[in-house]
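Trainee: Sharing a structure below in structure tokens format, with a few things to ask.
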Amino acid sequence: MRRALTIILAGGRGTRLDPLTRDRAKPAVPFGGLYRIIDFTLSNCINSHLRRILVLTQYKGHSLERHIRRGWGFLSAELNESIDILPPQQRIDEHWYKGTADAIYQNVYSIEKENPESVIILAGDHIYKMDYSKMLRHHEEQQADLTIGCIPVALHEVRHFGIMEVDAQHRVKAFLEKPKTAPPMPDDPNHALGSMGIYVFNTQVMFERLFEDAAHPESEHDFGKDIIPRMIRDGHRVFAYPFHDKNNKPNPYWRDVGTIDAYYQTSMDLIDVDPQLNLYDSHWPIRTLPPQSPPPKFVFSDEGMPGVARRGEALDSMVCPGCILSGGHVRRSILSPRVRVNSYATVEESILFDGVVVGRHCKIRRAIIDKHVKIPPHTVIGYDLDVERRRGFTISEGGIVVIGKEERPETFAIT
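Here the sequence shown is numbered in the numbering used here, starting from 353 and rising by one per residue.
Put into structure tokens, the structure is as follows:
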């Protein structure tokens, strides 16, 4: 769609995902074995025939930029298709991005060069499938100045969302950014109408509001806190667009994976017998940089030690290319490429990133282990959280043990 430009905000720190975001931006965090989180937003763009894309980076963007360059370089410049990565330019301001609106404002020159009629603004850190072209078409039919993607939000969770009140035509009458309480939807007493952080702007209106906001010294330069409420007060045509996903499941699926527990649960959704998120739909594929690795291998099938089976197997799990299960047992887990699980080890309800090596006789449960960590033989992880605290590992509110990249072997000896 030549009349639209897509901008993906991908510079978030993701502090609540630490230590997974210690060396990478939140959109670059691995997900589902093969993917990075941003692959879902990028795939939605390509599948929606939106192929002029700017990705705004900021915080520790190297791995994200490398992933996009290597995995998403198939677009044709001759057909006016591109994914351009824009780190902070500081052309207008010496500071880093102060908010979502400021990130767009500091890149107005790049946007002007594309000369779009509409600008689609997306977050690069959510898991979902959506056809943005339908939202763009709705925006144009309504002759809207701004259209906001929305989902029902349980009333006890409204403090995490921008909340809207709308009339019968879905025109937004009020917008509250992360309120403590919010009125329910007229047809659903248990839910309020929440913003997905997906916006379609009339370009000229967006420019006017951004320049006006930049001149406000009191502004936090944020769409939800500043731009949108002012647009509503000033009578702009602001509409809500209910989320319609492309997941081909009975219930729409959209997840914010901004905390360890949310990330873990969304990952575990993938290994259900009938997963809520459908990754196997060839009509709406999720693309990524495919690993250059051989197929996974499962070796040994014997009793081994008395009463202890030595069998390379994985049940109710996702196992990526390059993995070797050398006499180890894996259940309800996700193994990224090139993971090795050695003899007599057990891995349960866990997520292992690229290149993790699990030593013999290890027992791992409800853990997330970052890239290239080597777990020494006989190590037990996830069975005693007090031990994990003494080791200095991160433990989520839900009891998930998170082990970062730089852990040394002697750390695992602490009991």
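Backbone N, C-alpha and C fix where the C-beta goes; we use that ideal spot for every residue, glycine too. Just so we're clear, the structure is a prediction, and the values are computed from it rather than from any experiment.
1) Could you give the DSSP three-state label for residue 591: helix, strand or coil?
2) Going by alpha carbons, who is nearest to residue 655 out of 679, 381 and 580?
3) In angstroms, rounded to a whole number, what distance separates the CA positions of residue 362 and residue 453?
4) Quick one: what's got a C-beta closer than 7 Å to residue 688's C-beta in the same chain, skipping five residues either side?
5) What are the boundary residues of the alpha helix (DSSP H) that residue 397 is part of?
6) Over what stretch of residues does the alpha helix (DSSP H) that includes residue 615 continue unbroken?
7) Which whole-angstrom value is the C-beta distance of residue 641 and residue 423, which I expect to be below 8 Å?
8) In this structure, how does DSSP classify residue 540 when only helix, strand and coil are distinguished?
9) Which residues does DSSP pair with residue 681 in a beta bridge?
10) Going along the chain, which residues of its own chain have a beta-carbon closer than 8 Å to the beta-carbon of residue 562, five neighbours each way excluded?
11) Could you compute how far the alpha carbon of residue 605 sits from the alpha carbon of residue 407?
12) Along the chain, where does the alpha helix (DSSP H) that runs through residue 475 open and close?
13) Give every residue of the same chain whose Cβ lies closer than 6 Å to the Cβ of residue 496, excluding the five residues on either side of it in the sequence, and list them in chain order.
14) How about the stretch 466 to 477 and the stretch 564 to 571: do they share at least three Cβ pairs that are nearer than 8 Å?
15) Between residue 718 and residue 744, which are expected to be in contact by the criterion C-beta below 8 Å, what is the C-beta distance as a whole number of angstroms?
16) Does the beta-carbon of residue 668 have 16 or more other beta-carbons within 10 angstroms, so that it is buried, or is it exposed?
17) Tell me whether residue 587 is buried or exposed, calling it buried when 16 or more other Cβ atoms sit within 10 Å of its Cβ.
18) When burial is assigned at 16 or more other CB atoms within 10 Å of the CB, is residue 481 buried or exposed?
19) In three-state terms, what does DSSP make of residue 629?
20) Given that a residue counts as buried once 16 or more other Cβ atoms are within 10 Å of its Cβ, and exposed if not, what is residue 766?
21) In whole angstroms, give me the CA-to-CA distance for residue 557 and residue 650.
22) Verify whether the separation of the beta carbon atoms of residue 543 and residue 505 is less than 8 Å.
23) Give the straight-line distance between the Cα atoms of residue 499 and residue 594, rounded to the nearest whole angstrom.
24) Between the alpha carbons of residue 709 and residue 697, how many angstroms are there, rounded?
25) Short of 7 Å in beta carbon distance, which residues of its chain neighbour residue 417, apart from the five on each side in sequence? Order them along the chain.
26) Measuring CB to CB, does residue 388 end up less than 8 Å from residue 427?
27) Which of helix, strand or coil does DSSP assign to residue 575?
Mentor: To lay it out plainly:
1) Looking at residue 591 - three-state DSSP - the assignment turns out to be strand.
2) Comparing Cα positions, the closest option is 679.
3) Whole-angstrom Cα-Cα distance: 13 Å.
4) Only 382, 385, 672, 704, 705 and 706 meet the Cβ criterion.
5) DSSP places residue 397 inside the alpha helix (DSSP H), whose first and last residues are 390 to 399.
6) Looking at the DSSP string, the run of the alpha helix (DSSP H) that includes residue 615 is 612 to 621.
7) Contact flag correct, Cβ pair sits at about 3 Å.
8) Residue 540 carries a strand assignment under DSSP once its states are collapsed to helix, strand and coil.
9) BP columns for residue 681 point to 665 and 698.
10) Closer than 8 Å at the Cβ level, and outside the excluded window around residue 562, lie 453, 456, 457, 460 and 579.
11) Rounded to the nearest angstrom, the two C-alpha atoms are 24 Å apart.
12) Following the DSSP letters along the chain, one finds residue 475 in no alpha helix (DSSP H) but inside the beta strand (DSSP E) bounded by residues 470 to 475.
13) Same-chain partners within the cutoff: 589 and 591.
14) No: fewer than three Cβ pairs fall under 8 Å.
15) With 8 Å as the limit, residue 718 and residue 744 do not qualify as a contact, their Cβ atoms being about 18 Å apart.
16) Exposed is the call here.
17) With fewer than 16 other Cβ atoms within 10 Å, it is exposed.
18) Classification for residue 481: buried.
19) Coil.
20) Exposed.
21) Distance between the alpha carbons of residue 557 and residue 650: 58 Å.
22) Their beta carbons are under 8 Å apart, which means residue 543 touches residue 505 by this criterion.
23) In a straight line, the C-alpha of residue 499 is about 10 Å away from that of residue 594.
24) About 11 Å.
25) Closer than 7 Å at the Cβ level, and outside the excluded window around residue 417, lie 409 and 437.
26) No, the Cβ-Cβ distance between residue 388 and residue 427 is not below 8 Å.
27) In the structure shown, residue 575 sits in a helix (DSSP, three-state: H, G or I).
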